[in-house]
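First up is the structure itself, then whatever we jot down about it.
Numbering (the numbering used here), first residue to last: 3 to 434.
Structure representation (structure tokens):
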């Protein structure tokens, strides 16, 4: 029986510092729950001379990977260094050395998760990654354990706090996109280069992880339909509010007999849906299961201590497995082949905002385009305008395929009555 668990911590940034704080401040609780203390023996950093506000002794810090990975007394590796290439290599080295790994790295898990999980299986050690999605929200553990007996049919959620903060400020405080982004950056919710967030890449990586786990299949980034925040035009948020919707940068993953569909894009969510009221930097994921029905998981999607809480939760799970001698016993191989739907199989409702010439017969001609593609229109709104001056035309469709929607968009862009297609959105949250 081991009398303590020792940890090698790779990285000491915002999350790494939070992990060290929790392990230090909650040591009595951890020792009680596990029966042995959990100690950080070594921490990998780039500069050992940097001054740090921590209870860890200076000799704990090292710039040498080997001093951690090759140390036989270190039981568990916690990777919170970020990035992809070095982090992946470090995880691989640790697993090959037979050490369990806890990581918060969504980039690595989205791109190489199945490869690394297979490596963990081969070397009979654990790889936990709760903090890679949802910050402090226990989504991975819920899907792996709490809902393991159910069949998950869909997940819809807000999985990026930066974009949700920006949209909240734009809607509630009428700030411009630039003003909201500047505030998010100042408060630490956005990186100096926010492109991964606002372009939808960050959320897409998280949806790859969630969809793969929920549907027990191997989903890749190329399988995800992605649209960024740059498609949101002036006046769109106000129009959404007028029609009873809220614009959210949402991720969705759905599965039925035709296959799976995964998307990240700004959508119109009906105001009566719980996701519409999730504001600021908070995340929330709505899960639909055959048996459980509808459940929602809500909480802080980022931040030092919330994310570190998820990391240390994985640390406890890995420590328990080590103490019980059952590490490396989880089944990670996907159960199903990934069958991704084509655009003709993906069904939804769409909001179309079109600038048209204010002339007699325009509405009739444009309605004919929808009819030609088999699309039924649920709502048509044409504000009054001056003769020969462009005005907005709003069309909200009944359920159509993404292919029908794309064909309609193409025809509208070439129609002589249309000045331009201003914006379009998928409508979510109406089939609760």
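Glycine is no exception: its CB is placed at the ideal position from the N, C-alpha and C atoms.
These numbers come from a predicted model, not from an experiment.
Query, Result
"Min CB distance residue 412 to chain B below 8 Å", "Note that chain B does not occur in the displayed structure, where there is just one protein chain."
"Cβ contact (3+ pairs, closer than 8 Å) linking the segment 8–17 and the segment 32–52", "yes"
"Counted within 10 angstroms of its Cβ, other Cβ atoms place residue 87 as buried (16 or more) or exposed", "exposed"
"Secondary structure of residue 361, DSSP reduced to three states", "coil"
"Unbroken beta strand (DSSP E) run spanning residue 424, endpoints", "420–430"
"Selection from 317, 411 and 416 that minimises the alpha carbon distance to residue 425", "411"
"Identified DSSP bridge partners for residue 352", "428"
"Sufficient close CB pairs (3 or more, under 8 Å) joining the segment 272–280 to the segment 356–373", "no"
"For residue 173 and residue 67, the rounded distance between their alpha carbons", "47 Å"
"Residue 333 to residue 120 span [Cα, whole Å]", "9 Å"
"Contact under 8 Å by Cβ, residue 287 with residue 270", "no"
"Boundaries (first-last residue) of the alpha helix (DSSP H) holding residue 29", "29–36"
"Residue 284 classed as buried or exposed, judged by whether at least 16 other C-beta atoms fall within 10 angstroms", "buried"
"Distance CB(residue 226)-CB(residue 200) smaller than 8 Å", "no"
"Under the three-state DSSP convention, the category residue 144 falls into", "helix"
"The segment 403–423 contacting the segment 338–355, beta-carbon criterion three pairs below 8 Å", "yes"
"Assigned exposure category for residue 247 - 16 Cβ within 10 Å defines buried", "buried"
"Coarse secondary structure for residue 76, derived from DSSP in three states", "coil"
"Reference residue 254; option with closest CA among 348, 316 and 315", "348"
"Which residues DSSP lists as bridging residue 247, in chain order", "272"
"Residue 341 beta carbon less than 8 Å from that of residue 211", "no"
"C-beta contact flag for residue 312 and residue 138 at 8 Å", "yes"
"Distance, residue 180 Cα to residue 190 Cα", "15 Å"
"Under the three-state DSSP convention, the category residue 306 falls into", "helix"
"Residue from 72, 77, 108 and 78 whose Cα sits closest to the Cα of residue 89", "108"
"Own chain, CB closer than 8 Å to residue 198, minus 5 neighbours either side, in chain order", "204"
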